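Down below is the structure, laid out as structure tokens.
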Ligand code: F6P
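In my numbering, the protein residues as written are 143 to 501.
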């Protein structure tokens, strides 16, 4: 398939490795004689004039190891429901996006994003824009790919934080509660919890009972463990309850979660009588340099995305199906979430080595 120029954008929350994907896409397309246009702040780059620039190999040299995205991103920019300051509060800019794509003489669009951004990409693909998706989220909850880049970096960071909290927890004989990201899925909490040797791991997939958590912590005390580490995913919920929301959903924007770490810490202090502190890792998990695993995965995703574009395979997302990088239809991805399966061996093993999930 003959191509002159392709567009690339990053959408949703940032994740370490976005720049590595951009670099791989730009270098592999430029080396194949295809011009690459970077669109700024997700689909805003196709809504507002002057929000794009040609990316040369020189523009992407040295960005492999840098966190964030040189293109900018937003998780409020759904062109089908764009927040505006008028009555009704939203506007549909999708026709403008399609027109701008044509006016810019783009032959294809590489969209790097999470569930929300890939759903938008899917809608545009159905409306005729040749799209290839690249999955991105530290939460690792996109279906059909075993890993998203950024997840390994987030887990490494959270593990390091748990290691550091272990020594201070032990010195002060405290319970330390660590809140990690994980809106709908507990991948970060589970993996960092196991890697860091946490005593309790609370994830959205397993509603927890704090009485059971407190009993587990008291049992540790009874055999001489004078401190405990509790890892809680931001989206964890009690049995019969709901996730802790700090700001309601708005048009084009999901609700903001937060507060679970502090409320679990306060309750456990009350229930166990042990001094307890809470630490929220928050956006620190999304920052910093990607790990070598994430750099390699991001580079493989970027290279594969350009291969798909060049062979005219659109409406697909690149994915890791070890040991291969494959292409899966966006139809099979959009509107679904990859949660931690309840029969995952790591859940069984975590329990076997003494962790409680509060159930
Ligand atoms: O989707 C990734 C994620 O890190 C979630 O875990 C979290 O709820 C969300 O992004 C927070 O996004 P922001 O604060 O940037 O709106």
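Don't be surprised by glycine CBs; every beta carbon is placed ideally from N, CA and C. Here the structure is a predicted model, which means the values were calculated and not measured.
Taking one beta carbon from each stretch, the segment 435-450 and the segment 148-162 have 3 or more pairs nearer than 8 Å; the two touch. Taking a contact as a CB-CB distance under 8 Å, the pair residue 222 and residue 190 does not count as one, their CB atoms being some 16 Å apart.
Shown here, residue 203 sits in coil according to DSSP, grouped into three states, outside any helix or strand. The beta carbon of residue 214 sits closer than 6 Å to those of 182 and 183, all from its chain and outside the five residues before and after it, given in chain order. Between the alpha carbons of residue 461 and residue 479 lies a gap of roughly 14 Å.
Rounded to the nearest whole angstrom, the CA to CA distance from residue 334 to residue 241 is 45 Å. Within the model, the alpha-carbon separation for residue 459 versus residue 447 is close to 8 Å.
If one requires a minimum length of 4 residues, the alpha helix (DSSP H) runs lying completely within the segment 240-288 are 257-268, in chain order. Assigned with DSSP and collapsed to three states, residue 233 falls in strand. With fewer than 16 neighbouring CB atoms inside 10 Å of its own CB, residue 244 falls in the exposed class.
Counting every other CB atom within 10 Å of its CB across the protein chains shown gives residue 196 a total below 16, marking it as exposed. For residue 495, there is no enclosing beta strand (DSSP E), as DSSP marks it with neither H nor E. In the structure shown, residue 437 falls within a helical segment according to DSSP collapsed to helix, strand and coil. Taking a C-beta distance under 8 Å as the contact criterion, residue 257 and residue 280 do not qualify as a contact pair. Membership of residue 348 in any beta strand (DSSP E) is not indicated, and neither H nor E is assigned to it by DSSP. Within 10 angstroms of the beta-carbon of residue 174 lie fewer than 16 other beta-carbons, which makes it exposed. Of the other Cβ atoms in all chains shown, 16 or more fall within 10 Å of the Cβ of residue 346; this residue is therefore buried. Remark: the shortest separation between the CB of residue 392 and any heavy atom of the ligand F6P does not fall under 7 Å.
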